[in-house]
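Report on one structure; see the data block that follows.
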Amino acid sequence: DTGVSQDPRHKITKRGQNVTFRCDPISEHNRLYWYRQTLGQGPEFLTYFQNEAQLEKSRLLSDRFSAERPKGSFSTLEIQRTEQGDSAMYLCASSLGQMGFYTFGSGTRLTVV
Amino acid sequence: DQQVKQNSPSLSVQEGRISILNCDYTNSMFDYFLWYKKYPAEGPTFLISISSIKDKNEDGRFTVFLNKSAKHLSLHIVPSQPGDSAVYFCAANRQRDDKIIFGKGTRLHILP
Chain A
4 DTGVSQDPRH KITKRGQNVT FRCDPISEHN RLYWYRQTLG QGPEFLTYFQ
54 NEAQLEKSRL LSDRFSAERP KGSFSTLEIQ RTEQGDSAMY LCASSLGQMG
104 FYTFGSGTRL TVV
Chain B
102 DQQVKQNSPS LSVQEGRISI LNCDYTNSMF DYFLWYKKYP AEGPTFLISI
152 SSIKDKNEDG RFTVFLNKSA KHLSLHIVPS QPGDSAVYFC AANRQRDDKI
202 IFGKGTRLHI LP
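Same order as they appear, the protein sequences are chains A and B.
The first sequence begins at 4 in the numbering used here and counts up one residue at a time.
The second sequence begins at 102 in the numbering used here and counts up one residue at a time.
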C-alpha cells in the first residue's frame with residue numbers, strides 16, 4: 004500500500020466551472036477526511052466519512068460542495084460553480100479510527116482564475 | 102474563532118540546539134493533542150501526541166509537554182537537525198468528536 008493518493012495534484016479552472024477531486028485512502032482504513040488549507044492557515048476540516056456514511060460536514064462546506072464515498076472505498080469531492088475563494092490545497096486523510104492518527108495525502112492544489 | 106493557536110509563524114534555531122514550538126488552546130473540552138509536521142508539496146505527517154491525562158510524552162528527540170491549567174502545550178526537539186526544517190502544526194480534539202482542529206502552524210528553520 005502506497006499510502007493515501009490524491010488526484011489530480013494540481014488543477015487550474017476558470018471561475019464558474021465544476022471540478023472533482025479523488026482520494027484513494029489506505030485500503031484498511033475505515034475513516035476518510037477532507038480538509039482545506041489556504042496560505043498561512045492550518046488545515047480546516049470540511050467533512051468526514053466512516054465507511055460510506057458521511058458523518059459530519061463543516062459549516063465551511065457550502066451547498067456548492069459535495070463529497071461522496073461510494074462503497075466505503077475511494078472518495079470524491081466536487082465543487083460546483085467554483086469561485087476564486089475556493090482556491091486552496093484540498094487534503095484528504097484516512098485513519099483506522101484511532102483518535103487523530105491520520106495519514107494525509109499530498110493534496111490537490113486548486114487555482115480558480 | 103481559533104481554538105488552537107500557534108502565535109509564532111516562524112522560528113530559527115541553530116543545528117544541534119533545542120527547538121521549542123508553542124501552542125495554546127481555548128477549548129477546555131479538548132482531551133487529545135497532536136503535532137504534525139509538513140514538508141513542502143507533501144501532506145502533514147503525524148509526529149507525536151499526548152493525552153490530557155498526561156503532562157509529558159517522549160519519542161526519541163521529540164517531547165511534548167502539556168500544561169492543562171494554562172491550556173498550553175509545547176514541542177521540544179533536541180538536538181535539532183537540518184531535516185527538522187518544516188512547518189509544524191499543533192492539533193487537538195475531543196474524544197467524542199472524530200475530527201481534529203489544527204493551528205496555523207510554525208515554520209521551523211534549522212540553521213547550519
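Each residue gets a CB set at the ideal place from its N, CA and C atoms; glycine is no exception.
Counted within 10 angstroms of its Cβ, other Cβ atoms place residue i as buried (16 or more) or exposed
| i | result |
| --- | --- |
| Y140 of chain B | exposed |
| H118 of chain B | Going by the sequence as given, residue 118 of chain B is Arg instead of His. Flag for R118 of chain B reads exposed. |
| T207 of chain B | buried |
| I82 of chain A | buried |
| S150 of chain B | buried |
| R34 of chain A | buried |
| I15 of chain A | exposed |
| S30 of chain A | exposed |
| S181 of chain B | buried |
| S65 of chain A | exposed |
| G184 of chain B | exposed |
| N120 of chain B | It is worth fixing the name first, because residue 120 of chain B is Ser in this sequence and not Asn. Counting Cβ neighbours within 10 Å, S120 of chain B comes out buried, since at least 16 surround it. |
| L212 of chain B | exposed |
| G144 of chain B | buried |
| P73 of chain A | exposed |
| K200 of chain B | buried |
| Q107 of chain B | buried |
| N168 of chain B | exposed |
| Q40 of chain A | buried |
Residue range of the beta strand (DSSP E) that includes residue i
| i | result |
| --- | --- |
| V114 of chain B | S111 to Q115 |
| K157 of chain B | K157 to D160 |
| V188 of chain B | A187 to N194 |
| V124 of chain A | Residue 124 of chain A falls outside the range modelled here, since chain A spans only 4 to 116, and no answer is possible. |
| D199 of chain B | First-last for D199 of chain B: undefined, no H or E at that position. |
| N168 of chain B | F163 to N168 |
| Q9 of chain A | S8 to D10 |
| R18 of chain A | First-last for R18 of chain A: undefined, no H or E at that position. |
| E47 of chain A | E47 to Q53 |
| H177 of chain B | H173 to I178 |
| I154 of chain B | First-last for I154 of chain B: undefined, no H or E at that position. |
| D102 of chain B | First-last for D102 of chain B: undefined, no H or E at that position. |
| K60 of chain A | A56 to K60 |
| I121 of chain B | S120 to Y126 |
| M92 of chain A | A91 to S98 |
| H210 of chain B | T207 to L212 |
Residue i versus residue j - alpha carbon distance
| i | j | result |
| --- | --- | --- |
| I59 of chain A | S90 of chain A | Per the sequence shown, residue 59 of chain A should be read as Glu rather than Ile. If you take the alpha carbons of E59 of chain A and S90 of chain A, they lie about 22 Å apart. |
| D10 of chain A | S153 of chain B | 37 Å |
| L99 of chain A | L148 of chain B | 17 Å |
| E86 of chain A | R18 of chain A | 5 Å |
| R62 of chain A | L49 of chain A | 8 Å |
| P28 of chain A | Y137 of chain B | 19 Å |
| H74 of chain B | S186 of chain B | Residue 74 of chain B falls outside the range modelled here, since chain B spans only 102 to 213, and no answer is possible. |
| L135 of chain B | C191 of chain B | 6 Å |
| R25 of chain A | R12 of chain A | 10 Å |
| V155 of chain B | S170 of chain B | The identity of residue 155 of chain B in the sequence shown is Lys, whereas the question assumes Val. About 13 Å. |
| G43 of chain A | Q53 of chain A | 29 Å |
| F77 of chain A | A70 of chain A | 11 Å |
| Q57 of chain A | W37 of chain A | 11 Å |
Residues of the stretch 32-47 of chain A whose Cβ lies closer than 9 Å to any Cβ of chain B, in chain order: R34, Y36, Y38, Q40, G43, Q44, G45, P46 and E47
Meets three-Cβ-pair contact criterion under 8 Å: the stretch 102-109 of chain B and the stretch 89-103 of chain A: no
Cβ contact (3+ pairs, closer than 8 Å) linking the stretch 106-117 of chain B and the stretch 157-175 of chain B: no
Any 3 or more C-beta pairs closer than 8 Å across the stretch 105-115 of chain A and the stretch 6-19 of chain A: yes
Residues in the stretch 116-143 of chain B having any Cβ partner in chain A nearer than 7 Å: Y133, L135, A142 and E143
The stretch 186-206 of chain B contacting the stretch 124-134 of chain B, beta-carbon criterion three pairs below 8 Å: yes
Near-chain B residues of the stretch 58-91 of chain A - C-beta to any C-beta below 9 Å: L58, E59 and S61
Interface residues of the stretch 164-193 of chain B facing chain A [CB-CB below 8 Å]: F190 and A192
Cβ-based contacts, 9 Å cut-off: residues of the stretch 94-106 of chain A near chain B: L94, C95, A96, S98, G100, M102, G103, F104, Y105 and T106
Near-chain A residues of the stretch 145-161 of chain B (beta-carbon distance less than 8 Å), N- to C-terminal order: P145, T146, F147 and S150
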